[in-house]
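Report on the structure given below.
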Amino acid sequence: MDTNGDGQLDPEELQHVFEACGRGFITVPVIASFIDDFDHDGNGKLSFPEFLRVWNSTSTHPVLMQAMREGVQELARAPKKTQIGDSRYVLHPYAPFNAEWELYFTFLLAVTVILLPISLAFEQLGCRLRWINLFIDLCFIADIFKHFNTGFVDEEGVLIMDRRMVAWHYAKRCFIVDVVSSFPYDMFNFNFSLSCGSDDLAYAKATRLLKLVRLFRIMKIFRLLRFSTTVTKMRSALLHYEDKYHISLPESLIKMSQLFGLLLLGAHWIGCLQFMVAAEAGFPKDSWVKATSLHDAPVGRQYIWSYYKALSQMILIGFEVPSAVNQRCDSVTEWCAIEHWLTLACLYLGAIFYSLLISNISMILLSSDVGARNYRDKLQQINEYMRSKGLPAALRDKVKEYYLVQYAEGKMFDEEKILCELTPSLRNEVLYHNMRDLFAKVPLLATFPPALTKAIVSRLEVTVALEGDAIFFENASGDRMYFIYTGVFDISQAGVLIESIADGCYFGDCAVVIGCARTATVTSTTVSISYAITRNGLNAALERAPNEILAYIQLVARSRYERMQHYRNQSANADSEEMMLLEDQEDFKTEIYRDALRQHMEEEAGDDNFRDGELVDGIGTTTTPAFSRFMSMFCKQPIPPATNRIYIQRADDDYDSPPRKDEARSSSGSAHSQVLSACSSPTHRHSRERQRASFIGKFKPPETYVSEQIVRIRRLKRQAKSQHPDYREPKRKVFQRTLKARQTLRS
Numbered sequence: 001m002d003t004n005g006d007g008q009l010d011p012e013e014l015q016h017v018f019e020a021c022g023r024g025f026i027t028v029p030v031i032a033s034f035i036d037d038f039d040h041d042g043n044g045k046l047s048f049p050e051f052l053r054v055w056n057s058t059s060t061h062p063v064l065m066q067a068m069r070e071g072v073q074e075l076a077r078a079p080k081k082t083q084i085g086d087s088r089y090v091l092h093p094y095a096p097f098n099a100e101w102e103l104y105f106t107f108l109l110a111v112t113v114i115l116l117p118i119s120l121a122f123e124q125l126g127c128r129l130r131w132i133n134l135f136i137d138l139c140f141i142a143d144i145f146k147h148f149n150t151g152f153v154d155e156e157g158v159l160i161m162d163r164r165m166v167a168w169h170y171a172k173r174c175f176i177v178d179v180v181s182s183f184p185y186d187m188f189n190f191n192f193s194l195s196c197g198s199d200d201l202a203y204a205k206a207t208r209l210l211k212l213v214r215l216f217r218i219m220k221i222f223r224l225l226r227f228s229t230t231v232t233k234m235r236s237a238l239l240h241y242e243d244k245y246h247i248s249l250p251e252s253l254i255k256m257s258q259l260f261g262l263l264l265l266g267a268h269w270i271g272c273l274q275f276m277v278a279a280e281a282g283f284p285k286d287s288w289v290k291a292t293s294l295h296d297a298p299v300g301r302q303y304i305w306s307y308y309k310a311l312s313q314m315i316l317i318g319f320e321v322p323s324a325v326n327q328r329c330d331s332v333t334e335w336c337a338i339e340h341w342l343t344l345a346c347l348y349l350g351a352i353f354y355s356l357l358i359s360n361i362s363m364i365l366l367s368s369d370v371g372a373r374n375y376r377d378k379l380q381q382i383n384e385y386m387r388s389k390g391l392p393a394a395l396r397d398k399v400k401e402y403y404l405v406q407y408a409e410g411k412m413f414d415e416e417k418i419l420c421e422l423t424p425s426l427r428n429e430v431l432y433h434n435m436r437d438l439f440a441k442v443p444l445l446a447t448f449p450p451a452l453t454k455a456i457v458s459r460l461e462v463t464v465a466l467e468g469d470a471i472f473f474e475n476a477s478g479d480r481m482y483f484i485y486t487g488v489f490d491i492s493q494a495g496v497l498i499e500s501i502a503d504g505c506y507f508g509d510c511a512v513v514i515g516c517a518r519t520a521t522v523t524s525t526t527v528s529i530s531y532a533i534t535r536n537g538l539n540a541a542l543e544r545a546p547n548e549i550l551a552y553i554q555l556v557a558r559s560r561y562e563r564m565q566h567y568r569n570q571s572a573n574a575d576s577e578e579m580m581l582l583e584d585q586e587d588f589k590t591e592i593y594r595d596a597l598r599q600h601m602e603e604e605a606g607d608d609n610f611r612d613g614e615l616v617d618g619i620g621t622t623t624t625p626a627f628s629r630f631m632s633m634f635c636k637q638p639i640p641p642a643t644n645r646i647y648i649q650r651a652d653d654d655y656d657s658p659p660r661k662d663e664a665r666s667s668s669g670s671a672h673s674q675v676l677s678a679c680s681s682p683t684h685r686h687s688r689e690r691q692r693a694s695f696i697g698k699f700k701p702p703e704t705y706v707s708e709q710i711v712r713i714r715r716l717k718r719q720a721k722s723q724h725p726d727y728r729e730p731k732r733k734v735f736q737r738t739l740k741a742r743q744t745l746r747s
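The following block contains the structure:
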């Protein structure tokens with residue numbers, strides 16, 4: 001380091017030291033700025049002890065650290081090369097043609113692995129397959145030329161498209177092996193056809209050298225190592241077609257098939273190798289081939305028994321049955337020594353393969369169904385825990401039932417750990433797929449925009465409740481609201497049942513949105529599954545949501561709070577009546593309520609009135625005498641007897657009370673007038689207009705809800721008044737004309 005020989009290092013010499021260590025970005029001014037910190041004698045140079053002090057302080061000295069950071073930033077700002085060279089005659093490694101070429105050669109390699117040992121061991125079959133082998137050799141020679149003109153990606157991820165660099169890269173790695181294994185040796189056998197048809201043993205020995213040289217073809221199997229990427233792509237394509245055609249192949253089945261395929265392929269090579277060694281030695285009299293008279297047998301019989309001998313050695317079964325094939329060579333001859341060593345090598349190879357086979361089968365069986373195995377282990381652990389604690393039988397059954405519902409498929413996964421390893425976007429997609437049925441059932445969630453849906457779905461937590469479980473109690477504090485996926489829940493106050501809700505409804509929003517205590521006790525009457533969200537989670541999800549959504553959620557929560565107060569105080573004002581109406585609309589958006597309403601109306605109306613099968617907005621075209629029964633079943637809300645019968649027709653029909661006896665007609669007319677007067681009252685009109693103003697776009701309730709039918713009667717009556725000049729005729733006359741028209745239509 002001391003170039004001038006004065007025994008000390010000046011700043012320039014120290015700069016050369018850092019350049020030699022790969023720290024050339026530390027400039028001379030930077031070195032001069034900190035050399036004063038270590039130059040104790042003040043001569044402007046560093047002695048050997050001072051230099052050691054500098055060398056040991058490079059990771060802690062502030063000036064050096066700043067220089068290191070500047071060097072790293074300079075390297076980061078430097079443009080990184082992504083491609084070297086741009087030859088038009090060099091094929092891109094990711095080109096579609098290159099992928100098709102590799103797929104084609106994967107098939108050729110599979111054929112070669114099967115045909116190569118057969119053509120080497122059995123001369124007659126080798127003569128028949130000579131043109132196929134020659135064609136395969138020429139294809140592999142063409143592949144060599146293709147590799148000289150195909151780019152590659154180096155270790156740093158740079159695409160190399162320079163022809164000279166590509167050729168040198170291939171020549172250093174695989175060129176020699178490919179040339180030796182692909183050389184067409186059969187073309188140099190000038191008497192190829194004569195050798196195939198000749199029975200002269202002397203001539204066969206003369207061509208033995210050529211046969212031994214042909215063993216270099218075995219080196220073709222090393223090409224399989226370079227096609228691992230192609231095999232991975234084929235596996236991905238198989239998974240794609242499994243999803244496309246809804247075919248489910250267990251992973252354990254695929255692994256077992258691969259293992260048994262390797263077992264059969266190994267037996268194929270070993271059997272051909274043992275017969276080839278005996279054939280190259282001229283079938284000695286002590287050989288197993290000569291003893292079983294297989295040297296004169298047809299080729300098919302020779303291959304079958306050779307394959308059986310190899311397979312029995314690989315799976316380590318006895319050598320006594322059949323003795324004709326598995327007999328041992330007992331004489332002390334040169335051939336017996338060769339056969340003994342060959343058999344011993346095959347046995348050791350078979351033992352290794354057999355142990356690998358057993359271990360892989362054990363691993364496959366253990367990892368074939370991890371979820372089910374975890375579930376069984378968890379159940380066994382729970383049973384042992386309950387037995388050790390002495391839990392009663394009824395409580396044990398409830399615990400088991402909980403796990404049966406929580407893990408209905410009998411599989412247990414660490415879902416949180418799996419999802420944490422995914423990207424946020426992919427995690428939200430998986431969660432939404434798992435909860436897509438919930439978003440379809442809950443009308444409130446179905447109206448959310450995609451951005452809000454993604455924010456909500458990551459904050460929902462599944463909750464399982466058994467029959468009789470209380471979700472929360474009245475007057476308790478709470479910070480969770482629940483969306484029902486499946487099951488029925490009872491809402492009660494002071495032990496009195498108020499209503500029952502089911503799939504698609506949600507509850508607990510009063511405490512979360514308003515911040516009040518729980519207004520009622522919610523109990524699960526069946527085995528139920530719901531999804532809960534906390535107050536903080538809901539507020540975080542609604543931070544960037546439209547104001548209309550937040551206002552609507554608050555309005556529904558306020559209506560439910562007022563409704564619960566109404567039941568508690570047994571008194572209601574005009575505002576609470578409006579809130580109760582809105583809350584009923586939110587419940588009736590669910591499919592289970594709409595289906596139940598349709599069913600009750602069809603049952604009460606009869607087939608006569610539904611002769612054409614039409615339904616107006618999912619409600620019906622005739623009377624609904626079971627209206628109060630339906631409301632009492634699902635909402636437990638008392639309905640005045642005067643409004644038990646509502647008469648709804650099409651827009652072009654006249655409206656009046658249904659036909660009844662004279663003594664009952666007056667009460668029916670009064671009920672109808674009460675409904676119409678309620679529709680036309682200023683308070684109701686004002687409340688309806690205010691509700692419609694808040695339901696803009698997606699949040700305007702469709703006219704399928706029961707509360708909207710009252711407004712529908714008023715609108716249709718105005719249409720009928722404008723279309724029919726004689727609408728003000730006596731009710732009896734209007735009804736008779738309408739009845740006559742219906743009878744004519746029916747006939």
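Under the UniProt record's numbering, the residue at position 561 of the sequence shown is numbered 561, and the numbers go up by one with no gaps.
Every residue, glycine too, gets a C-beta built ideally from N, C-alpha and C.
Note that the structure is a prediction, hence the values are computed from the model and not measured.
query: Is DSSP giving residue 152 helix, strand or coil here?; result: strand
query: Just confirm the distance between the C-beta atoms of residue 413 and residue 371, as a whole number of angstroms; I'd bet it's less than 8 Å.; result: 5 Å
query: From which residue to which residue does the alpha helix (DSSP H) around residue 553 run?; result: 547-569
query: Assess contact between the region 166-181 and the region 136-154, defined as three or more Cβ pairs (one per stretch) separated by less than 8 Å. Is contact present?; result: yes
query: According to DSSP, which residues form a beta bridge with residue 532?; result: 461, 482
query: Using a threshold of 8 Å, state whether the C-beta atoms of residue 529 and residue 487 are closer than that.; result: yes
query: Assign residue 426 to buried or exposed, taking buried as 16 or more other Cβ atoms, counted over all protein chains shown, within 10 Å of its Cβ.; result: exposed
query: If you drop the 5 nearest sequence neighbours on each side, which residues of the same chain put their C-beta closer than 7 Å to that of residue 93?; result: 150, 151, 152, 153
query: Identify the continuous beta strand (DSSP E) that holds residue 490 and give its terminal residues.; result: 489-493
query: By how many angstroms is the C-alpha of residue 116 removed from the C-alpha of residue 182?; result: 12 Å
query: Could you tell me which whole alpha helix (DSSP H) segments of length 4 or greater appear in the region 377-465?; result: 393-406, 415-420, 424-434, 436-441, 443-446, 450-457
query: Taking contact to mean at least 3 C-beta pairs separated by less than 8 Å, is the region 531-546 in contact with the region 473-483?; result: yes
query: Which ranges does the alpha helix (DSSP H) cover as unbroken runs of at least 4 residues, wholly within the region 248-280, from first to last along the chain?; result: 251-280
query: With 16 as the cutoff for other CB atoms within 10 Å, does residue 112 come out buried or exposed?; result: buried
query: Helix, strand or coil for residue 650 per DSSP?; result: Its pLDDT being 32, under 50, residue 650 is placed unreliably by the model, and the measurement read from it follows with that caveat. The answer is coil: DSSP assigns residue 650 none of H, G, I, E or B.
query: So, do the region 305-315 and the region 271-282 have three or more beta carbon pairs nearer to each other than 8 Å?; result: yes
query: Report yes if the CB atom of residue 520 is closer than 8 Å to the CB atom of residue 498, and no otherwise.; result: yes
query: Would residue 430 and residue 419 qualify as a contact pair, given that the criterion is a beta-carbon distance under 8 Å?; result: yes
query: Take residue 226 as the anchor and find which of 185, 147, 287, 239 has the nearest alpha-carbon.; result: 147
query: Measuring CA to CA, which of 368, 389, 106 is closest to residue 233?; result: 106
query: Assuming residue 441 and residue 390 make a contact with CB atoms under 8 Å, what is their CB distance in whole Å?; result: So it is not a contact: roughly 41 Å between Cβ atoms.
query: Secondary structure at residue 347, three-state DSSP: helix, strand or coil?; result: helix
query: Under the three-state reduction of DSSP, which class applies to residue 83: helix, strand or coil?; result: strand
query: What's the C-alpha gap between residue 306 and residue 411?; result: 47 Å
query: To which residues of the same chain is residue 569 closer than 6 Å at the C-beta, ignoring the five residues directly before and after it?; result: none
query: Give me the residue from 506, 125, 589 with the minimum Cα distance to residue 299.; result: 125
query: May I ask which residues mark the beginning and end of the beta strand (DSSP E) holding residue 368?; result: Per DSSP, residue 368 belongs to no beta strand (DSSP E) and is neither H nor E.
query: Is the number of C-beta pairs between the region 545-562 and the region 504-514 that are closer than 8 Å three or more?; result: yes
query: In its own chain, which residues sit with a C-beta less than 7 Å from the C-beta of residue 475, not counting the 5 before and 5 after it?; result: 517, 518
query: Look at the alpha carbon of residue 445 and the alpha carbon of residue 422, and state the distance between them as a whole number of angstroms.; result: 24 Å
query: Thinking C-beta only, is residue 103 closer than 8 Å to residue 230?; result: yes
query: Using only CA atoms, which one of 288, 281, 493, 236 lies nearest to residue 561?; result: 493
query: If we call anything under 8 Å between Cβ atoms a contact, is residue 87 one with residue 161?; result: yes
query: Using the DSSP secondary-structure output, state which residues sit across from residue 496 in a beta bridge.; result: 493
query: Looking only at its own chain, which residues have a Cβ that is under 6 Å from the Cβ of residue 220, when we skip the five neighbours before and after it?; result: 112, 181
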